[in-house]
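Quick note, the sequence shown lines up with residues 2 to 91 if you use this note's numbering.
In this text, a Cβ means the ideal position worked out from N, Cα and C, and glycines have one as well.
All of these numbers come straight from a predicted model, not from anything done at the bench.
For reference, the structure is listed below as structure tokens.
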Amino acid sequence: MHALRHFYASVLLDTGESIKALAEWLGHADPAFTMRVYIYLLPSSSDRTRKAVDRVLAPPSSDNEHDRVAKDADDLDGQADGLSGWRGTK
2 MHALRHFYAS VLLDTGESIK ALAEWLGHAD PAFTMRVYIY LLPSSSDRTR
52 KAVDRVLAPP SSDNEHDRVA KDADDLDGQA DGLSGWRGTK
């Protein structure tokens, strides 16, 4: 049972759950205790920074994504054109 509990905690931390929330889920009265037990599972600041920058600078996953974004932009332009007469001006 302890292994399952530890697995659960590690999955939550890996997905970015906070120590405070994890402590509540595990029934720990003090989040500091949870931090001491699971600190080694937390990514370092440099790892978080690297991953954040990698996500932002990553190329689009496919040409389809680029096409979808371009279509969405065209749709918004069309909606804006349709608003030109909303004040009674044409």
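task: Taking all protein chains shown into account, decide if residue 5 is buried (16 or more other Cβ within 10 angstroms of its Cβ) or exposed.
output: Within the sequence shown, residue 5 is the residue found at index 4, counting from 1. Label assigned to residue 5: exposed.
query: Start and end of the alpha helix (DSSP H) containing residue 41?
result: As a working mapping, residue 41 is identified with position 40 in the sequence shown. No alpha helix (DSSP H) contains residue 41, which DSSP labels as neither H nor E.
- prompt: Taking all protein chains shown into account, do 16 or more other C-beta atoms lie within 10 angstroms of the C-beta of residue 20, making it buried, or fewer, making it exposed?
  reply: Here residue 20 refers to the residue found at position 19 when the sequence shown is read from its first residue. Classification for residue 20: buried.
task: Could you tell me the boundaries of the alpha helix (DSSP H) in which residue 19 lies?
output: Position 18 of the sequence shown holds residue 19. No alpha helix (DSSP H) contains residue 19, which DSSP labels as neither H nor E.
message: Closest to residue 28 by C-alpha separation, out of 49, 50 and 10, would be which residue?
response: In the sequence shown, the residue the question calls residue 28 occupies position 27. Among 49, 50 and 10, the Cα nearest to that of residue 28 belongs to 10.
task: Below 8 Å CB to CB, which residues in the same chain sit around residue 34 once its five sequence neighbours on both sides are set aside?
output: For the purposes of this step, residue 34 is taken as the residue at position 33 of the sequence shown. Hits under 8 Å: 24.
- prompt: Does DSSP classify residue 60 as helix, strand or coil?
  reply: Looking up residue 60 in the sequence shown gives position 59. Residue 60 falls in the coil class under three-state DSSP.
query: Are there 16 or more other CB atoms within 10 angstroms of the CB of residue 14, so buried, or fewer, so exposed?
result: Within the sequence shown, the letter at position 13 stands for residue 14. So residue 14 ends up on the buried side.
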